[in-house]
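*Asks:* Heads up: the sequence shown begins at 207 in the working numbering, then just goes up one per residue.
Ideal placement from N, C-alpha and C gives every residue a C-beta, glycine not left out.
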Amino acid sequence: FRDYLYIPLGGSRGSKWNALRNTIIVFIVSGFWHGANWTFITWGAIHAIFFVPLLLLNRNRRYLGEVAADRLFPRLGEFMNILITFALVTLAWVFFRAETIAQALDYFMHMFDLSLIPDRLEIKRYAFEILPLIFILFSFEWFSRQNEHPMQRGRVWVKTTLIIAMLLALGNYSNMQEFIYFQF
207 FRDYLYIPLG GSRGSKWNAL RNTIIVFIVS GFWHGANWTF ITWGAIHAIF
257 FVPLLLLNRN RRYLGEVAAD RLFPRLGEFM NILITFALVT LAWVFFRAET
307 IAQALDYFMH MFDLSLIPDR LEIKRYAFEI LPLIFILFSF EWFSRQNEHP
357 MQRGRVWVKT TLIIAMLLAL GNYSNMQEFI YFQF
């Protein structure tokens, strides 16, 4: 998109408004490129909305370096930036996954419906089984952050074992009933 759309449109040359316009066009076209559906276009537009403040505040090139390059852990501000970015991008992906805008909005309604929160015992069980596995996977990614694709390197059996353990743990929370015997 950069070489075939952003730069031919003028890129960031000229006024800030031209760069802003070109960036918005690229994000919306990237959504359209994924499919001719309003959900994909909305997904692209949301990413443009996330990026526009960075352009307006001249912070769009600020975070290109490695987070916590000389430290074991990120600073609180860096961690919060990681968390906010992850949350915003994850929420935007709801539109990418949904078949219609109405379906995406319905997903959001159910995501934040507090009546769906399970009882405390189930939350404790879930946290005890799943969170350590998630922590291990995130730790692996964090300590391999200087590599471009850390999960593609290293000991395959360790990663495979962790992923299988997560899938098995997640399977414990399925509401599916046994197909053959559930009515007997």
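Is F233 buried or exposed, if buried means 16 or more other CB atoms sit within 10 Å of its CB?
*Replies:* Result: buried.
*Asks:* Can you tell me whether G241 is buried or exposed, with buried defined as 16 or more other CB within 10 angstroms of its CB?
*Replies:* Answer is exposed; the Cβ neighbour count stays below 16.
*Asks:* Check this for me: beta carbons of W249 and A298, under 7 Å apart or not?
*Replies:* Yes, Cβ-Cβ distance for W249 and A298 is below 7 Å.
*Asks:* What is the rounded straight-line gap between the Cα of L368 and the Cα of I231?
*Replies:* Going by the C-alpha atoms only, they are around 40 Å apart.
*Asks:* Go ahead and label G237 buried or exposed: buried means 16 or more other beta carbons lie within 10 angstroms of its beta carbon, across all protein chains shown.
*Replies:* Label assigned to G237: buried.
*Asks:* Once you ignore the five residues that flank I288 on each side, which residues in its own chain have a CB closer than 8 Å to its CB?
*Replies:* Taken in chain order, the residues that qualify are V273, P280.
*Asks:* Among G283, L343, F302, which has the Cα closest to the Cα of M372?
*Replies:* Ranking G283, L343, F302 by Cα distance to M372 puts L343 first.
*Asks:* Any idea if I252 is buried or exposed, counting beta-carbon neighbours within 10 angstroms, 16 or more meaning buried?
*Replies:* Its Cβ being crowded by 16 or more others within 10 Å, I252 is buried.
*Asks:* Just curious, the alpha helix (DSSP H) that T229 is in, first and last residue?
*Replies:* Taken as a continuous stretch (DSSP letters only), the alpha helix (DSSP H) holding T229 covers 222-240.
*Asks:* From V300 to N243, what does the alpha carbon distance come to, in whole angstroms?
*Replies:* Computed Cα separation, rounded: 14 Å.
*Asks:* Which of the three DSSP states is assigned to F318 in this structure?
*Replies:* Residue state, collapsed to three classes: coil.
*Asks:* Just the Cα atoms here: how many angstroms apart are I255 and V364?
*Replies:* If I take the Cα positions, the gap works out to 39 Å.
*Asks:* Excluding the 5 residues flanking I340 on each side, which residues of the same chain have their C-beta closer than 8 Å to its C-beta?
*Replies:* So the qualifying residues of the chain are M372.
*Asks:* Starting from P259 and walking both ways along the alpha helix (DSSP H), at which residues does that stretch end?
*Replies:* P259 -> alpha helix (DSSP H) spans 244-262.
*Asks:* Could you tell me the alpha carbon to alpha carbon distance between I336 and I290, rounded to whole angstroms?
*Replies:* One C-alpha to the other measures close to 22 Å.
*Asks:* Give me the residue from L278, N228, G216 with the minimum Cα distance to S345.
*Replies:* The shortest Cα separation from S345 among L278, N228, G216 belongs to L278.
*Asks:* Hey, quick one: how far does the alpha helix (DSSP H) through E284 stretch, first residue to last?
*Replies:* Segment 282-303, the alpha helix (DSSP H) holding E284.
*Asks:* Quick check: what's the CA-CA separation for P259 versus G283?
*Replies:* P259 and G283: Cα-Cα distance of roughly 18 Å.
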